[in-house]
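Remarks on the structure that follows.
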Amino acid sequence: MPLIYSANTALCVRFALWKIEETENALFQGIRLSVQDQEAILSLRLEKRRLERIACRRALGFLLNTNDLNITYGFSGEPLCDVGHISFSHSGNYAAAAVSQTGPVGIDIEKITPKILELHHKFVSDKEREHIDLQDPKAITRIWCAKEAIYKMFPEKSLNFIEDIEIFPTHQATLRHSVGSNTIHLFTHEIEELMIVVANFCVGNSIRTI
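Using this note's numbering, the first residue of the sequence shown is number 688, and each one after it goes up by one.
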């Protein structure tokens with residue numbers, strides 16, 4: 688089973704990272720999806736997109752310790768589940784899922800490459816430029832993933848990455864963000880040249896579980 692990392696970012700939030708190495712049929716084995724979710728996945732033309740979607744659900748199944756997933760979709764296309772708040776992300780041959788029992792959660796993963804240095808003007812504000820190295824791909828990728836994860840927490844609000852989300856510098860791998868009057872806490876982790884960011888309202892330390 689190519690589940691390569693799982694952690695608790697706080698008492699109420701967990702996430703898991705899946706490395707996609709199986710065929711589509713192998714990924715589908717051992718998991719049962721809602722009719723709506725399965726039809727949505729099978730309707731995707733590209734096999735890569737189908738693999739990403741299925742792997743996200745395999746990661747969620749691990750977190751929930753179940754093979755039965757009743758996933759539907761909200762008004763803005765966000766995934767919904769009757770066991771709590773969930774979020775998915777995928778990049779390259781990786782897929783991830785996060786689950787929270789107490790409030791909104793967002794997860795984003797992205798491969799760290801120098802290419803992102805050409806795009807920072809689209810999502811990094813002038814104030815954020817004062818405390819980050821604009822020539823550091825890891826720093827810029829962390830900002831991007833953080834804002835993507837926060838965006839997923841509030842899919843109905845159509846947040847503007849520069850105007851609505853502000854990144855504040857903190858120590859170690861935890862960043863604090865503010866959206867309006869809400870303070871959001873982030874857990875960040877790097878593995879296999881991949882940046883992982885989980886956004887939620889809970890505060891806590893990471894606990895490796897596998």
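The C-beta atom is built at its ideal place from N, Cα and C for all residues, glycine as well.
All values reported here derive from a predicted model rather than from experimental measurement.
DSSP, read as helix, strand or coil, puts valine 722 in helix. A Cβ-Cβ distance of about 14 Å is found for the pair alanine 833 and phenylalanine 702, leaving them out of contact under the 8 Å criterion. Straight-line measurement puts the Cα of threonine 710 at about 23 Å from the Cα of proline 766.
A direct Cα-to-Cα measurement between glutamate 815 and arginine 829 gives close to 12 Å. Relative to the Cα of valine 884, the nearest Cα in the group Ile758, Leu731, Ser776 belongs to Ser776. For asparagine 887, the enclosing beta strand (DSSP E) stretches over residues 881-887.
In the structure shown, the three-state DSSP call for threonine 710 is coil.
Here the region 712-719 lies against the region 735-754, with 3 or more beta-carbon pairs under 8 Å apart. If you draw a straight line from the Cα of phenylalanine 749 to the Cα of cysteine 768, it comes to about 14 Å.
By the Cβ test, the region 719-738 is in contact with the region 755-764, since at least three Cβ pairs between them sit closer than 8 Å.
For glycine 748, the enclosing alpha helix (DSSP H) stretches over residues 734-751. Closest in C-alpha terms to asparagine 754, from the list Gly771, Ser778, Leu729, Leu714, comes Leu714. DSSP places proline 824 inside the alpha helix (DSSP H), whose first and last residues are 824-840.
Straight-line measurement puts the Cα of isoleucine 849 at about 9 Å from the Cα of histidine 808.
DSSP places aspartate 813 in the uninterrupted alpha helix (DSSP H) bounded by 813-816. Residue burial is scored here from C-beta neighbours: serine 763 has fewer than 16 other C-beta atoms within 10 angstroms and is therefore classed as exposed. Ranked by Cα distance from lysine 798, the options Tyr781, Ser812, Glu805 are led by Tyr781. Within the same chain, Leu704, Lys706 come within 6 Å of isoleucine 691 by CB-CB distance, once the 5 residues on both sides are set aside.
Between isoleucine 773 and glutamine 822, the alpha-carbon positions lie close to 33 Å from each other. The beta-carbon distance between valine 792 and asparagine 887, rounded to whole angstroms, is 5 Å. This is short enough to meet the 8 Å contact definition. Here the alpha carbon of phenylalanine 810 sits roughly 8 Å from the alpha carbon of asparagine 847.
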